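The block underneath contains the structure these notes are about, expressed in structure tokens.
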Amino acid sequence: MEEILIDGLCYTLDAENLTAKLICSNDINSNEWKMNIPAQVQYEQKTYKVTSIGHSAFANCESLTSITIPDSVNEIESGAWRSFPSLKSIIVDPGNPTYDSRDNCQAIIETAFNKLIAGCVNTVIPDSVTSIGSSAFLGCKSLTSITIPDGVTSIGPSAFLGCESLTS
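Per the numbering used here, the sequence shown starts with residue 721, numbered consecutively.
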């Protein structure tokens, strides 16, 4: 697999399947960084569908305020999100068959399992969520309060690790 850099995002390319995996990003250290992950990337006259986001792809992106996941992404590895003190908005394209951000919840939910896998300071956990995944809010330093619905039966390891302002 070949690694490339396009518009500040690193990908590994699978030339056989014409797919791309987002593996890292460069925090541009601006006051506000809104990331719209592309559904596809072009490289050497070929189009690669962005289908996955790798572990630690957005680790320590201090200025990231908003992220949008396209409908093409069908895999998000654990730990893709961590240490997002400025993240306020998470949106999943409504056409995504694997993930959603139902009820404008500002989170990524694994649809088939009703599992919240990534949240931010503005997340409102929908009543339909039954579990919170490992590291879901890892490093969300600005999170002060979160309401966990009665239907949540499990919370993964390190789900709230580094949430130093969380008081309720």
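Just so you know, even glycine gets a beta-carbon here, dropped at the ideal spot from N, CA and C. Since the structure is predicted, the reported quantities are computational estimates derived from the model, not experimental observations.
Give me, in chain order, the residues of the same chain whose beta-carbon lies closer than 6 Å to that of I875; leave out the 5 immediate sequence neighbours on both sides.
Sequence index remark: in the sequence shown, residue 875 carries index 155 (1-based). Result list for I875: I852, in chain order.
Residue environment, A735, which counts as buried when at least 16 other CB atoms sit within 10 Å
Taking the sequence shown and counting its residues from 1, the one referred to as residue 735 is at position 15. A735 is exposed by the Cβ-count criterion.
Beta-carbon contacts of I743 that lie in its chain and below 8 Å, excluding the five residues immediately before and after
Along the sequence shown, read from residue 1 onward, the residue named residue 743 stands at position 23. Excluding positions up to five away in sequence, the list reads E723, C730, Y731, T732, G774, A777.
Can you tell me the Cα-Cα spacing of P814 and L886, whole angstroms?
Working through the sequence shown from its first residue, we reach residue 814 at position 94. Working through the sequence shown from its first residue, we reach residue 886 at position 166. Roughly 30 Å separates the two Cα atoms.
DSSP bridge partner residues for C730 (one or two, in chain order):
For the purposes of this step, residue 730 is identified with residue 10 of the sequence shown, where counting begins at 1. Answer is L725, C744, bridged to C730.
Local Cβ density within 10 Å of D820, reported as buried at 16 or more and exposed below that
Locating residue 820 in the sequence shown gives position 100, counting from the first residue. D820 should be labelled buried.
In angstroms, rounded to a whole number, what distance separates the CA positions of G799 and Q765?
Here the question's residue 799 lines up with position 79 in the sequence shown. Here the question's residue 765 lines up with position 45 in the sequence shown. Going by the C-alpha atoms only, they are around 32 Å apart.
Could you have a look at T864 and say whether DSSP puts it in helix, strand or coil?
For this step, residue 864 is matched to residue 144 along the sequence shown. Three-state result, T864: coil.
Alpha carbon of E795 to alpha carbon of S888, nearest angstrom
Position 75 of the sequence shown holds residue 795. Position 168 of the sequence shown holds residue 888. Here the alpha carbons of S888 and E795 stand approximately 31 Å from one another.
Rounded to the nearest angstrom, what separates P846 and I828 at their Cα positions?
What you label residue 846 is simply residue 126 of the sequence shown in a count that begins at 1. What you label residue 828 is simply residue 108 of the sequence shown in a count that begins at 1. Per the coordinates, the alpha-carbon of P846 lies some 11 Å from the alpha-carbon of I828.
T785, enclosing beta strand (DSSP E) - first and last residue
Sequence index remark: in the sequence shown, residue 785 carries index 65 (1-based). T785 -> beta strand (DSSP E) spans 784 to 789.
Residues near A740 by beta carbon distance below 6 Å, same chain, minus five either side
Indexing the sequence shown from 1 puts residue 740 at position 20. Cβ neighbours of A740 within its own chain (closer than 6 Å, five residues either side excluded): Y731, L733, V761, Y768, V770.
Identified DSSP bridge partners for S854
Stepping through the sequence shown from its first residue, residue 854 is reached at position 134. The partner list for S854 (beta bridge, DSSP) is empty, contrary to what the question assumes.
If we ignore side chains and look at the alpha-carbon of each, how far apart do A779 and W801 end up?
To locate residue 779, count along the sequence shown from 1; it is residue 59. To locate residue 801, count along the sequence shown from 1; it is residue 81. Cα-Cα distance, rounded: 6 Å.
Give me the Cα-Cα distance between I866 and P817, rounded to the nearest whole angstrom.
Here residue 866 refers to the residue found at position 146 of the sequence shown. Here residue 817 refers to the residue found at position 97 of the sequence shown. Going by the C-alpha atoms only, they are around 27 Å apart.
Using the Cα positions of P790 and P758, report the straight-line distance between them to the nearest angstrom.
Position 70 of the sequence shown holds residue 790. Position 38 of the sequence shown holds residue 758. Between the alpha carbons of P790 and P758 lies a distance of about 7 Å.
Tell me the start and end of each unbroken beta strand (DSSP E) in the region 772 to 846 that is at least 3 residues and wholly inside, in chain order.
Correct list: 784 to 789, 809 to 812, 827 to 830, 835 to 839.
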